[in-house]
Amino acid sequence: MLSAVIPVYNEVDSLAELHAELSAVADAEGYDFDLVFVDDGSRDGSWEEIERLASVDRRVRGIRFRRNFGKAAALSAGFEAARGEIVFTLDADLQDDPTEIPRFLAEMDNGFDVVSGWKKVRHDPWHKVGPSRIFNWLVSKATGVKLHDHNCGFKCYRREIFDEVKLYGELHRFVPVLAAARGWRVSEVVVNHRSRQHGSSKYGVRRFLKGFLDLLTVYFLTGFEQRPQHLLGTLGILSFLAGLTGLVYLAGAWMLNQAYDLNWQPLHQRPALDFAMAALLVGANFMSMGFLAELMTAYYGRGSKAYSIKEEVGGDSAREHEEVPL
Numbered sequence: 040m041l042s043a044v045i046p047v048y049n050e051v052d053s054l055a056e057l058h059a060e061l062s063a064v065a066d067a068e069g070y071d072f073d074l075v076f077v078d079d080g081s082r083d084g085s086w087e088e089i090e091r092l093a094s095v096d097r098r099v100r101g102i103r104f105r106r107n108f109g110k111a112a113a114l115s116a117g118f119e120a121a122r123g124e125i126v127f128t129l130d131a132d133l134q135d136d137p138t139e140i141p142r143f144l145a146e147m148d149n150g151f152d153v154v155s156g157w158k159k160v161r162h163d164p165w166h167k168v169g170p171s172r173i174f175n176w177l178v179s180k181a182t183g184v185k186l187h188d189h190n191c192g193f194k195c196y197r198r199e200i201f202d203e204v205k206l207y208g209e210l211h212r213f214v215p216v217l218a219a220a221r222g223w224r225v226s227e228v229v230v231n232h233r234s235r236q237h238g239s240s241k242y243g244v245r246r247f248l249k250g251f252l253d254l255l256t257v258y259f260l261t262g263f264e265q266r267p268q269h270l271l272g273t274l275g276i277l278s279f280l281a282g283l284t285g286l287v288y289l290a291g292a293w294m295l296n297q298a299y300d301l302n303w304q305p306l307h308q309r310p311a312l313d314f315a316m317a318a319l320l321v322g323a324n325f326m327s328m329g330f331l332a333e334l335m336t337a338y339y340g341r342g343s344k345a346y347s348i349k350e351e352v353g354g355d356s357a358r359e360h361e362e363v364p365l
């Protein structure tokens with residue numbers, strides 16, 4: 040069974056057409072489809088349209104938020120409600136082409152757990168395409184997950200991934216990265232990107248700033264979630280050593296000045312003293328934060344697993360974590 044999770048925010052004009060396209064693909068390919076529309080605080084009649092679709096098609100389900108909580112929250116609610124073993128995500132603006140779904144499933148048949156769409160030919164303004172390509176390059180370099188289009192909303196997942204990967208804030212675009220960090224296999228397929236027919240883009244300049252901050256969060260989570268002191272402590276030690284080196288140098292200069300009456304600038308008037316003290320204190324603070332982060336990880340992380348099991352063998356308790364056949 041397949042599920043499609045579709046976040047909706049003021050997309051009333053496109054919902055009926057999107058439902059018709061998804062239904063046509065499901066009927067043509069013989070899919071058992073489950074459509075979950077999540078209304079993220081729309082004010083244009085989107086919810087009434089979802090109610091209408093649900094009344095004429097038993098495969099359609101709707102979830103309505105009390106206000107706009109963001110795309111990550113909408114996807115989380117949709118993933119929790121999805122019944123399919125394979126879950127697709129699509130945007131509701133008709134720019135994602137449902138006829139590409141069989142190609143995603145063919146790639147999943149090759150042993151992948153996450154398949155991301157790549158809008159190789161984009162029908163967006165240049166001021167969106169340029170920054171997006173720079174952002175995708177940064178994400179690939181920082182995380183090691185080589186995708187051309189991390190921002191693409193057209194993706195396909197095995198349902199059990201979301202037992203391990205939790206979304207919050209605006210981390211929805213980084214699900215492949217978070218899944219890869221736990222050992223799930225990630226791939227991508229080139230998809231047809233269509234021009235927007237209805238409504239307007241929900242993203243502006245702030246999106247890229249938020250995306251960069253989220254990238255820092257993901258880099259920390261994927262690399263240092265279980266060992267925060269390795270990052271904070273390293274930064275702290277480097278800063279502490281830099282400050283200590285500066286103070287040792289200044290102390291030596293002061294002693295030489297006193298011994299040989301060199302008439303150098305007084306120690307308390309030298310800017311290097313301020314920089315050295317600041318580096319020493321910043322280093323101490325980083326190491327202290329690292330210790331506190333380690334304590335929090337040890338205490339709050341007791342109920343979460345730091346690993347992902349694919350299968351087991353031998354013994355009465357052996358169980359197999361099978362990939363779901365398509």
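Be aware that the sequence shown starts at 40, since it is given in my numbering, and climbs by one per residue.
Built from N, CA and C at the ideal position, the CB exists for glycine as well.
query	result
Can residue 198 and residue 124 be called in contact, C-beta distance under 8 Å?	yes
Check whether the segment 284–293 touches the segment 306–316, taking contact to mean three or more Cβ pairs, one atom from each stretch, closer than 8 Å.	yes
Can you give the Cα-Cα distance for residue 107 and residue 249, rounded to whole angstroms?	17 Å
Does the distance from the C-beta atom of residue 289 to that of residue 309 stay below 8 Å?	yes
Of the choices 292, 76 and 300, whose alpha-carbon is the least far from that of residue 306?	292
Pairs of beta-carbons, one from the segment 139–148 and one from the segment 208–218, closer than 8 Å: are there three or more?	no
On a Cα-Cα basis, can you pick out the residue from 311, 280 and 275 that is closest to residue 330?	275
With distances taken Cα to Cα, identify the nearest neighbour of residue 187 among 328, 155, 223 and 256.	155
Under the assumption that residue 85 contacts residue 51 (Cβ atoms under 8 Å), give the Cβ distance between them as a whole number of angstroms.	5 Å
So, with DSSP's three-state summary, where would you put residue 86?	helix
Please report how far the alpha carbon of residue 196 lies from the alpha carbon of residue 252, in whole angstroms.	25 Å
Got a sec, what are the start and stop residues for the beta strand (DSSP E) residue 194 sits in?	194–197
Measuring CA to CA, which of 209, 279 and 224 is closest to residue 255?	209
Take residue 80 and list the residues in its own chain whose beta-carbon comes closer than 6 Å to its own, dropping the five residues that flank it on each side.	104, 106 and 107
At which residues does the alpha helix (DSSP H) containing residue 273 begin and terminate?	267–299
Per DSSP, residue 128 forms a beta bridge with which residues?	44 and 194
Give the secondary structure of residue 94 by DSSP, where H, G and I count as helix, E and B as strand, and everything else as coil.	helix
Going by DSSP in three states, residue 100 sits in which element: helix, strand or coil?	strand
How long is the line joining the alpha carbons of residue 98 and residue 71, rounded to whole angstroms?	9 Å
In whole angstroms, what separates the C-alpha of residue 354 from that of residue 114?	Confidence in residue 354 is poor, its pLDDT being 49 and thus under 50, which makes the residue's placement unreliable; the coordinate value appears in the next sentence. If I take the Cα positions, the gap works out to 38 Å.
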